[in-house]
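Below is one structure, written out as C-alpha cells, with a few remarks after it.
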Amino acid sequence: MRAVWQHIGIALSAAIGAVISIMGDLIQKQDASATLKLSAILARDVMPRITPLVVVCFLVVLAVAVAFIFKANTGKDAFYRGLSVISLLMLATPYQLPQTLPQGAPGVRVSMGRGVEIAAEVPRPSVDGMPANLAQVSGSVFTPVHVRLGTSDRRPVSNVTAILIDPSTSQVLGSLRREEDEFTFFTRPGMYLLRIEAPGYLIVTYNLRVEKEQRNVIRIALEATWLPIFLQRLPLVSF
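Each step along the sequence shown adds one to the number in the working numbering, with nothing skipped, and position 198 is 191.
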C-alpha cells in the first residue's frame, strides 16, 4: 500500500512540474509558445479540431510517464522530470514572429495612425464608396478592411492582436498588432475568420466576408474579463 501511495506522489509531483512549465511557456513566449506550436502542428497534420487544452493534458501525461521511465525515486526528482519535458520542448521551439498582415496594398503608400490615411488609389475606410481601381497584383485584388473595436466597459483597448485565418484549412494567413481601437489591413476578397485578442477582454472570433469594391468596415464588441489571454487560448481550436 505504501508503494502505491509513493507512485501516486511521484505522478502528482511530475504533473505539477509539467503544469508549472506549461504555464511559464504560455505566459513567457505567447505566440511562440511550444505548447501552442505543437497544438497547431497536430491540428494541421493529425487531428484538425484539436485544442491546446488537449495538448496540455497530453504533455502532463507524458511528463508523468517520463518520471516513471527514468525511475524517479522521490517527489523532488519527479518534479524536475516533469519540468524538464516542457523545458526541452521550449528550447527546441525557435521564437518566430507570425506573418504580418499587410497594412497597405502592394504598390500603394499607406500611413497608419490614429486616423487612417491611405494614398489616392485607395480611399479612407470612412468613405461610402469603394472604387474599382484597387491595387492589383498578378490579377488578385487587395481590398482594405477597416476594424473598429468597442468595449463593454467603455475603456480604450491597447496591445490588440488581430489574426486572419482561412476557415477551410485553419491556417493562419497573417497577424497584426496595434495599440488603437481602429486599424486597417489589406487582403484578398473572400471568407475568413478574424480573431481579436486584447488584454482584459474575451477573445472574439469574427466571421469576416471581404467583398471587392465594397466598404469592408466591421465593428466588433469586446467583453471585459479577468481571464488572461493565455488561459483563454487553451480551449480554442488551434490555428
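The C-beta atom is built at its ideal place from N, Cα and C for all residues, glycine as well.
My understanding is that residue i touches residue j, with C-beta atoms under 8 Å, so please give their C-beta distance in whole angstroms.
| i | j | result |
| --- | --- | --- |
| N209 | V138 | 4 Å |
| L46 | A11 | Contact flag wrong, Cβ pair sits at about 14 Å. |
| D18 | A27 | 5 Å |
| N152 | E172 | 7 Å |
| L82 | R226 | Incorrect: roughly 17 Å between the Cβ atoms, too far for contact. |
| G68 | S6 | 4 Å |
Between the Cα of residue i and the Cα atoms of the options, which residue gives the shortest distance?
| i | options | result |
| --- | --- | --- |
| D70 | V78, A60, I79 | A60 |
| V49 | V39, I9, W(-2), A(-4) | I9 |
| V165 | L157, R171, E172 | L157 |
| G143 | D159, F176, P95, S161 | F176 |
| S161 | E173, T136, W(-2), N200 | N200 |
| Q96 | I1, V12, R188, F179 | F179 |
| G75 | T93, K64, L55 | L55 |
| V233 | I3, L169, Q207 | Coverage of the chain is limited to positions -6 through 232, which leaves residue 233 absent and any answer about it impossible. |
| T154 | R148, R181, L94 | L94 |
| L169 | A(-4), L5, F72, V140 | V140 |
| I189 | V150, T136, I43 | V150 |
| S163 | P182, Y194, T198, R148 | T198 |
| Y185 | A36, Y194, R202, V78 | R202 |
| E206 | T136, R42, G183, H0 | T136 |
| A65 | H0, L35, I79, S80 | H0 |
| I196 | P182, R181, L220 | L220 |
Buried or exposed: which applies to residue i, given that a residue is buried once 16 or more other Cβ atoms fall within 10 Å of its Cβ?
| i | result |
| --- | --- |
| A217 | exposed |
| P192 | exposed |
| A214 | exposed |
| D146 | exposed |
| I20 | exposed |
| R102 | With a pLDDT of 45 at R102, under the threshold of 50, the modelled position of this residue cannot be trusted; read the value that follows with caution. Exposed is the call here. |
| E204 | exposed |
| A(-4) | exposed |
| S32 | buried |
| R212 | exposed |
| M40 | exposed |
| F63 | exposed |
| R187 | The question names Arg, but residue 187 is Leu in the sequence shown. L187 comes out buried. |
| R42 | exposed |
| I222 | buried |
| I79 | buried |
List the residues that DSSP assigns as beta-bridge partners of residue i.
| i | result |
| --- | --- |
| M184 | R202 |
| F176 | V140 |
| E190 | T154 |
| S168 | T93, I156 |
| V240 | Residue 240 lies beyond the stretch modelled for the chain, which goes from -6 to 232, so this question has no answer here. |
Determine the DSSP secondary structure at residue i, reduced to helix, strand or coil.
| i | result |
| --- | --- |
| R141 | strand |
| T162 | coil |
| A214 | strand |
| V47 | helix |
| V39 | coil |
| L220 | coil |
| Q207 | coil |
| M16 | helix |
| R147 | coil |
| F63 | coil |
| S32 | helix |
| M(-6) | coil |
| S77 | helix |
Any heavy atom of the ligand FMN closer than 6 Å to the Cβ of residue i?
| i | result |
| --- | --- |
| A65 | Within the structure as shown, the ligand FMN is missing, as the structure has no ligands at all. |
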